[in-house]
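Asks: Below is one structure. I have some questions about it.
Numbering (UniProt numbering), first residue to last: 1 to 130.
Structure below.
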């Protein structure tokens with residue numbers, strides 16, 4: 001699923017009837033303020049969703065099994081492909097990460113730092129739910 005962010009309302013339809021998350025939206029901080037991206041119920045724990053911010057940047061959104069939400073740039077800096085939303089999630093040393101589906105480099109979901117090459121990182125975005 002790919003969603004587009006709007007400053008006004010969530011771009012993805014929130015699934016009706018999902019207990020506790022039906023009216024909760026996920027917002028990402030951008031240079032222009034907070035952008036509503038999707039409903040919390042649109043995020044499946046352990047899987048990513050690609051989203052387009054109002055300025056055209058692509059992000060990868062994740063929700064872990066503990067309910068925490070993360071957003072990082074969707075572009076894999078090693079290949080240039082916009083694929084991080086399709087990556088596998090996990091933890092290493094207490095750090096949540098997404099592994100690129102192409103070359104398998106792992107990126108910390110909180111900081112964007114590459115766990116396999118400290119010289120490389122992807123943008124990390126502040127996320128909130130409301």
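Just so you know, even glycine gets a beta-carbon here, dropped at the ideal spot from N, CA and C.
Note that the coordinates shown come from a computational prediction; the quantities given were computed from them, not determined experimentally.
Alpha carbon to alpha carbon, what distance is there between residue 81 and residue 130?
Replies: Using only the alpha carbons, I get a separation of about 31 angstroms.
Asks: Around the C-beta of residue 44, are 16 or more other C-beta atoms found within 10 angstroms, so that it is buried, or is it exposed?
Replies: With fewer than 16 Cβ atoms within 10 Å of its Cβ, residue 44 is classed as exposed.
Asks: If I measure Cβ to Cβ from residue 127 and keep anything under 8 angstroms in the same chain, skipping five residues before and after, which residues do I get?
Replies: For residue 127, where only same-chain residues beyond five positions count, the Cβ hits under 8 angstroms are 26, 27, 28, 29, 61, 69, 70, 71.
Asks: Please return the same chain residues whose Cβ sits closer than 6 angstroms to the Cβ of residue 15, not counting the five positions on each side in sequence.
Replies: Low confidence applies here, because residue 15 scores a pLDDT of 32, under 50, leaving its location unreliable; read the following figure in that light. These residues qualify, in order along the chain: 41.
Asks: Please state the DSSP three-state secondary structure of residue 19.
Replies: Only weak support exists for where residue 19 lies, its pLDDT of 49 falling under 50; the coordinates are left without a value.
Asks: So that I know if they touch, is there some Cβ in chain C lying closer than 8 angstroms to that of residue 65?
Replies: Considering every chain present, this structure includes no chain C. It has just one protein chain.
Asks: Whole angstroms are fine: how far does the CA of residue 83 sit from the CA of residue 76?
Replies: Looking at the two C-alpha atoms, the distance is approximately 6 angstroms.
Asks: Comparing alpha-carbon positions, which option in 78, 58, 65 lies nearest residue 114?
Replies: For residue 114, the nearest C-alpha among the options comes from 78.
Asks: By Cβ distance, which residues of its chain are closer than 8 angstroms to residue 65, with the 5 residues on each side in sequence left out?
Replies: Answer for residue 65: 45, 46, listed in chain order.
Asks: Give the DSSP-derived three-state secondary structure of residue 5 in the structure shown.
Replies: Confidence at residue 5 is low in this model, with a pLDDT of 44, below 50, so its placement is unreliable and no value can be given for it.
Asks: Would you mind reading off the limits of the beta strand (DSSP E) that contains residue 52?
Replies: Note, residue 52: beta strand (DSSP E), 48 to 52.
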